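Protein chains in written order, with our numbering: chain S, 1 to 264; chain H, 1001 to 1279; chain D, 2001 to 2266.
Using N, Cα and C, we set each Cβ at its ideal position, and we do this for glycine too.
Treat the numbers as computed from the prediction; the structure is a model and nothing was measured.
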Amino acid sequence: MEKQSRPWSRFFRRYKRVILGTTTFVLFVLVWEAVGRTKLIPPIFISRPSIILQVMVRELIRGKLLFHMTTSLLELTWGYLISIVIGVPLGLLMGRYRKIEFSLDPFTMLLYSTPIIALYPLIIIWAGIGKTSIVIITLLFAVFPIIVNTFTGVQSVDPSLIRAARSFGAREGQIFYKIVLPAAIPIVIAGLRLGLGRALIGVVIGEMFGGTAGLGYLIAYSGAFFKTANLFASLLIVVLMGIVFTQALKKVEETVSRHRYGGG
Amino acid sequence: MEQTNQDKILPEVDAITARKTFRGRFFRNERWLIGAATIVLFLVVWEVAGRKNWVDQTFISRPSLVVRAAIQMLTSPDFYGHLSVSAIEFFVGFAAALLVGVGFGLFIGWYKNLEYSFEPFIMALYSTPRDALIPLIIIWLGIGLYSKMAVVFLGAVFPILVNTVAGIQNVDPVLIRAAKSFGAKERAIFRKVVLPASLPYMIAGIRLGVGRGLIGFVIGEMYVAEKGIGFLIMRAGSVLKTDDLLFLVSIIAGVGVLSNQLIRKFEEKVSRWRFERSV
Amino acid sequence: MSYLEAKNIKIIYRKSPDDPGLVAVENLNLSVNKGEFVTIVGPSGCGKSTFLMSVDGLIRPDQGEVYIEGKKISSPGPERAVVFQEFALLPWRTVESNVAFGLEFRDIPPNEKKQTIDKYVKMVGLAGFEKHYPHQLSGGMRQRAGLARALSVNPEILLMDEPFAAIDAQTREIMGTELLRIWDREKKTVLFVTHSIDESIYLADRIVIMSARPGRVKEIIDVKLPRPRRFEVKSSMEFVEYRKRVWQTLEEEVKKVMDYGTDESG
């Protein structure tokens, strides 16, 4: 006997994941709003969604929020682009030349394990408080996933492809440009995606500590003056930016791999 | 190369010590030699640059001064007060992250419906820059140790959670089928198959969590605190004592590298069966 | 009713509860007598492994029933044990711990457990490797451990799902002869699924040839070769005749599968 499934149960099963997720999320927002209104927990700790939304819209209209967003975006772009310019070639060099990898290895490992933020006072000593130091911090945050991924991408090429190329008489340089580089692209792009996420974090943290403008500065400022709703609003924008960027780069990643490997 | 006696193995092609990659042959110890050489070279250049004042001392100091600052700090009781505050913040926060991460992770990994329900929260929190939450945490828990513990917790818990869940979901289904064929019930399958199989993932998550946790108390203390290594870092920076600053940063870096290596070693021991499995 | 009876089995392979699915097996009927060695051979995707899983009770048929000694089965039971193609050994356990695995779900006193394990480890020729881990063993040795594990729970029916498929051809030859030796000693009923025509003839009392998907029993051939089977029998005239017969029936089904192009094998 075939199992008959009624339309609504079929619908539920297919979208089970989305339904469960959205339901809990909506519930959460509603509970938050309720608790906020009844002042079960003092609003200074948690505010509530309606106020947060109000504040966000108000600040957007006033234009101040846009100003801070653009400041952050500018610092982000600078830091991110420079990190790519430094990171990708470095990763390629380390991947191509063993000697370079071995000599830079201790430094990358050391810097990888150090919380970048601990270098913050040092960077301030070097570059003073202001946009430059924030760009430097952003750079430092973003550059490591990029270097590591570029390097890994070069390293993890299927050795049988290399052997095949060699059997047709290709020289080492040709192998690198015709086989290794193209094969490494997906992993490199993944590194660029990670780097962007880290760059965003870098900008926000840099501004938190020593900025005079930008989303991070807003967060720190709101925090210092206990303006919890503003804090949440700025935070939300940061999170949304992060999601948008990561998804955008993910789409790029997918298009690139679909191009190269065909459908699935 | 002359092919004379086939039994004679030329040292360069001895399979044990030499490997060939598309980058050419190398020796097993070459990595350490070159790495160490570069470090030494770097230190020497740094020291010379410092003494000859090629770059202003305030910017970079030099190894000998850093060592002196180190000795000064390590012999002052004040330092250990700060150190213990940081240590407490880390261990308490991390212990909590371990409990919640593994406990919750096992639950969510095993019961798919739970995972679907919590997924948006976990994803949202995972992608929120934890450090941007620090001002909020300060509002909640003040500027003392509790807020730093919370920062450590938030940093460590997600890698542990996510990796535990991944471990449980990546168990080879054939193994579960085999257990079922011998009459095992759900609980036994979980205990005897799923748990051991996901252990390597959990430990990887713990390793990542330690890294994130270490960053946690440092950045928390740097943002606002009265005691701790991060606080010392900020203080050294504000009075331009670069040598103190560099020493403190190197402590953090050293702890980071050490813990990473230690856990890696442990990870390899436990997961030896994972890397060599081939069917 | 014979010892093991499968009646009108129909199994639909679904990826999710509302997937209309592919019919893997339909109208499959099979009777097996106690102590028989029955091989099942068929083209890719004909559902032979799926059918085997339903005999063990790991898969519930959409239609039809499986009876053992007259009783309908619906879940794995103590009188059956499976040997898997992928070995399915727990990689973090030693050989002896893996062989003990099946016994952990029965109530057996520890020294009896130890005796059983030792007996079967020796029987499959793994004496001395008890403390080794699967990753330190070759494919053939791993499967021998899988066999020991299945034997140690003392099942009456051994269900073997292409057990030698992942083992190199040379070791495979030896494993077949070893299996017959053990079968002769332990007197089990064996259902052995395989891709290899030679294997299906060499090991069997009867060969079940399955059709292409949806799988059903196309033909059953009695193998009258003398026991104990020796390796040399593979080059005998009778063996060649059987091979011709099996291939005659099988060829048509295999061609059907190839005409479908890239298809999902269940």
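Using the DSSP secondary-structure output, state which residues sit across from Thr2039/D in a beta bridge. Phe2192/D, Ile2207/D
Rounded to the nearest angstrom, what separates Glu2173/D and Ile1108/H at their Cα positions? 46 Å
How should Gln2143/D be labelled, buried or exposed, when 16 other C-beta atoms within 10 angstroms of its C-beta is the threshold for buried? Buried, by the Cβ-count rule.
Applying the criterion that 16 or more other CB atoms from any shown protein chain within 10 Å of the CB defines a buried residue, is Leu1041/H buried or exposed? exposed
For Phe209/S, which residues of its own chain have a beta-carbon under 7 Å away from its beta-carbon, when the five flanking residues on both sides are left out? Same-chain partners within the cutoff: Tyr120.
Given a cut-off of 8 Å, decide if Ile2040/D and Phe2192/D are closer than it, judged by their beta-carbon atoms. yes
For chain H, check one thing: does any of its Cβ atoms lie closer than 8 Å to the Cβ of Leu76/S? no
Look up Asn2008/D in the DSSP assignment and say whether it is helix, strand or coil. strand
Which residues, in chain order, does the region 2048-2077 of chain D contribute to contact with chain H at a C-beta distance below 9 Å? Residues Met2053, Asp2056, Gly2057, Leu2058, Ser2075, Pro2076, Gly2077.
If we define contact as Cβ-Cβ less than 8 Å, is Leu1175/H a contact residue for chain D? yes
Within this structure, are the beta carbons of Phe1247/H and Ala1070/H separated by less than 8 Å? yes
Burial state of Tyr217/S, where buried means 16 or more other Cβ atoms lie within 10 Å: Counting every other CB atom within 10 Å of its CB across the protein chains shown gives Tyr217/S a total of 16 or more, marking it as buried.
Can you list, in chain order, the residues of its chain whose CB lies under 6 Å from that of Leu73/S, leaving out five sequence neighbours each side? none
Just to check my reading of the structure: Gly1211/H and Asn1260/H have Cβ atoms closer than 8 Å, yes? What is that Cβ distance to the nearest angstrom? 7 Å
Using a Cβ cut-off of 8 Å (strictly closer), state whether Trp1273/H contacts chain D. yes
Would you kindly check if the distance between the Cβ of Phe2105/D and the Cβ of Ala1178/H is under 8 Å? Here Ala1178/H is not near Phe2105/D, since their CB atoms are 8 Å or more apart.
CB of Val2038/D within 8 Å of CB of Val2055/D, strictly: no
Where Phe2101/D meets chain H, residues with beta-carbon distance less than 7 Å: Result: Phe1182.
Classification of Arg2181/D by the beta-carbon crowding that lies within 10 angstroms, buried from 16 upward: Exposed: under 16 other Cβ atoms inside 10 Å.
Closest to Thr246/S by C-alpha separation, out of Ile201/S, Tyr221/S, Ile219/S, Ala213/S, would be which residue? Ile201/S
Bridge partners for Lys2071/D per DSSP, in chain order? Ile2068/D
Under a CB-based cut-off of 8 Å, is Gln1006/H close to chain S? Below a pLDDT of 50, predicted positions are generally treated as unreliable, and Gln1006/H, at 38, falls in that range; the measurement from the model is reported next regardless. Proximity of Gln1006/H to chain S, defined by a Cβ-Cβ separation below 8 Å, is not satisfied.
DSSP three-state assignment for Lys2034/D, whether helix, strand or coil: coil
Report the residues of the region 1049-1060 of chain H with a CB closer than 7 Å to any CB of chain A, ordered along the chain. Checking the listed chains, one finds no chain A in this structure; the protein chains it contains are S, H and D.
Select from Val148/S, Val188/S, Ile82/S, Leu104/S the residue whose C-alpha is nearest the C-alpha of Ile1034/H. Leu104/S
If you measure beta-carbon to beta-carbon, which residues of the region 1133-1152 of chain H are closer than 8 Å to chain S? Leu1133, Ile1134, Pro1135, Leu1136, Ile1138, Ile1139, Trp1140
Cutoff 6 Å; reference Phe144/S; Cβ partners in own chain excluding five residues on either side: Tyr112
Within this structure, are the beta carbons of Glu207/S and Gly197/S separated by less than 8 Å? No, Cβ-Cβ distance for Glu207/S and Gly197/S is not below 8 Å.
Determine whether the beta carbon atoms of Met2210/D and Gly2057/D lie at a separation below 8 Å. The answer is no: Cβ separation not under 8 Å.
Pull up the CB-CB distance for Gly1101/H and Leu1161/H, whole angstroms please, since I reckon it's below 8 Å. 4 Å
Under a Cβ-count criterion, where at least 16 other Cβ atoms within 10 Å of its own Cβ denotes burial, should Thr1075/H be classed as buried or exposed? So Thr1075/H ends up on the exposed side.
Three-state class that DSSP yields for Tyr1126/H in the structure shown: helix
Looking only at C-alpha atoms, which of Pro2109/D, Ile2011/D, Lys2015/D, Lys2034/D sits nearest to Leu2028/D? Ile2011/D
To the nearest angstrom, how far is it from the Cα of Lys250/S to the Cα of Val2121/D? About 52 Å.
Where Arg2080/D falls: helix, strand or coil (DSSP): If DSSP states are grouped into helix, strand and coil, Arg2080/D belongs with the strands.
Label Ala1036/H either buried or exposed according to how many other C-beta atoms from any shown protein chain fall within 10 Å of its C-beta, with 16 as the threshold for buried. exposed
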